[in-house]
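In my numbering, the protein residues as written are 1415 to 1825. Cβ atoms here follow ideal geometry from the backbone N, Cα and C, with glycine treated the same way. Since the structure comes first, as structure tokens, the remarks are kept for the end.
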Ligand code: PLP
């Protein structure tokens, strides 16, 4: 259920947004790349470094105890944020990329054999393709892709049953596509895979901070996301994994922190999640992320989702109506908070440079989805991605500037 929210007052929580760029008020529409940070998160980082910076899990002294308590409280908060069964199912990583690399290197090495298949979708980010290519090369497994239908950017679900063969050991899928705005029916996809005993991984980089996420309801085995895309700091990410899987998986990296006992020729590892966290972790990161999660939940993720979707739908319709010949990617309805488009005869980088001069931050390029761009027959798209601090006026200004760019470059 959504509620009335004072979005204008929320926007004032973000110090970075009240500046000018090239003499124009900043309109930040690159939220799919990284989100901005509210003052409470920035303050939490400063507070940690000013008052209780110490290494975790090691010291007996007071500062170390406080840092450790805050670090583990953040883990418990993440578990609640995505409805994991236990904090022990939450591993801190550097981001989505490292979370997926961990699964590919650890679970993949232990479970993949020659002839096995890793099923992915054609709309995956490079971070959910390249780690699987690497482990496939080492284990003799192969990669197969569930097709995307075309510009409307939906998964071709009719093909799924024939692709979910007995050879498939893992099905990896993006929850929300960062270059199309498609929201995939991950609960259904995971259920269909689970019915065949296939392990599932959901890339939640674009979903976790934007909509309510419940890993038990989704029914996935692994769920990966990044703190920096949801008002948290860079350098902190999450891998959720079902406890039974973590118990059976070998460590990812090894060294200090993750051990129980070391001898010159033998080591006993800690239990998960610590077995997967070697060395001194990012400590300020989880602490900042904790505050970010509290902040997002105080606004309400259902409210954020409704706001993001409304802006993206409005942007899609305005671009379709006002930019002659524009090619819009992803579904017309039910899209996440971003629009991705191409204007014939104008390169995405030119549009982004033009928009930048008007104070608007956009992203132009392949968005780390090169295979998808090839499939769609484009080199690059221009992407505007929204968050709850963006406004309808900003979308109007975006559309105005895109029209100006089109006229300028097509003179
Ligand atoms: N997956 C998706 C869908 C993304 O959009 C991104 C980042 O853009 C990633 C994975 C990688 O996230 P990170 O760079 O934070 O590891």
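### Task
Starting from the Cα of residue 1436, find the closest Cα among 1805, 1773, 1595, 1733 and give me that residue.
1773
### Task
Per DSSP, which residues does residue 1559 bridge with? Please list them.
1534
### Task
Using the DSSP secondary-structure output, state which residues sit across from residue 1654 in a beta bridge.
1504, 1637
### Task
Give the single residue among 1642, 1599, 1737 whose Cα lies nearest to the Cα of residue 1452.
1642
### Message
I need the DSSP call for residue 1699, collapsed to helix, strand or coil.
### Response
helix
### Whole-angstrom C-beta distance between residue 1581 and residue 1553, which should lie under 8 Å
The pair is not a contact, with the Cβ atoms about 13 Å apart (cut-off 8 Å).
### Task
Look at the alpha carbon of residue 1589 and the alpha carbon of residue 1545, and state the distance between them as a whole number of angstroms.
18 Å
### Query
Beta-carbon separation of residue 1766 and residue 1751 under 9 Å?
no
### Task
Return the chain-ordered list of same chain residues with a C-beta closer than 7 Å to the C-beta of residue 1817, the five sequence neighbours on each side being excluded.
1736, 1737
### Query
Any C-beta of chain B sitting closer than 9 Å to the C-beta of residue 1487?
Structure shown: chain B not included; a single protein chain is present.
### Option nearest residue 1624 by Cα separation, candidates 1630, 1611, 1639, 1522
1639
### residue 1512 versus residue 1498 - alpha carbon distance
20 Å
### Close beta carbons around residue 1644, own chain, < 7 Å, minus the five adjacent residues each side
1449, 1622, 1623, 1706, 1710
### Task
Please name the residue, chosen from 1649, 1568, 1695, that lies closest to residue 1667 on a Cα-to-Cα basis.
1695
### Query
Could you give the residue range of the alpha helix (DSSP H) that holds residue 1787?
1784 to 1790
### Where residue 1603 sits in the DSSP three-state scheme
helix
### Query
Where do the ends of the alpha helix (DSSP H) carrying residue 1512 lie?
1510 to 1516
#### Entry: Nearest-angstrom Cα separation, counted from residue 1534 out to residue 1812
34 Å
### Task
Please look up how many angstroms separate the CB atoms of residue 1446 and residue 1620, rounded, as I've assumed it's under 8 Å.
6 Å
### Task
Measure the beta-carbon distance from residue 1444 to residue 1776 and round it to whole angstroms, keeping in mind my assumption that it falls under 8 Å.
6 Å
### Message
In whole angstroms, give me the CA-to-CA distance for residue 1727 and residue 1747.
### Response
7 Å
### Query
So which of 1712, 1525, 1771 has the shortest CA-CA distance to residue 1434?
1771
### Of the listed residues 1515, 1618, 1603, nearest to residue 1572 (C-alpha basis)
1603
### CB contact flag (residue 1665, residue 1500, <9 Å)
no
### Task
Determine the contact status of residue 1626 and residue 1715, defining contact as a CB-CB distance below 9 Å.
yes
### Query
Which runs of the beta strand (DSSP E), 3 residues or longer, sit entirely within the stretch 1761 to 1785?
1777 to 1779
### Message
How far does the alpha helix (DSSP H) with residue 1482 in it extend, from its first residue to its last?
### Response
1476 to 1496
#### Entry: Closest Cα partner of residue 1616 within the set 1607, 1600, 1609, 1631
1600
### Query
For residue 1673, which of helix, strand or coil comes out of DSSP?
strand
### Task
Measure from the alpha carbon of residue 1825 to the alpha carbon of each residue in 1803, 1782, 1691, 1760, then state which is nearest.
1760
### Query
Are the beta-carbon atoms of residue 1569 and residue 1560 separated by less than 9 Å?
yes
### Message
From the DSSP secondary-structure annotation, give me the bridge partner or partners of residue 1625.
### Response
For residue 1625, which the question treats as bridged, DSSP gives no partner whatsoever.
### Query
Where does residue 1630 land, buried or exposed, given buried means 16+ other C-beta within 10 angstroms?
exposed
### Query
Is residue 1588 near ligand 1, judged by its Cβ being under 8 Å from some heavy atom?
yes
#### Entry: Cβ separation of residue 1606 and residue 1574, assumed to be a contact under 8 Å, to the nearest whole Å
6 Å
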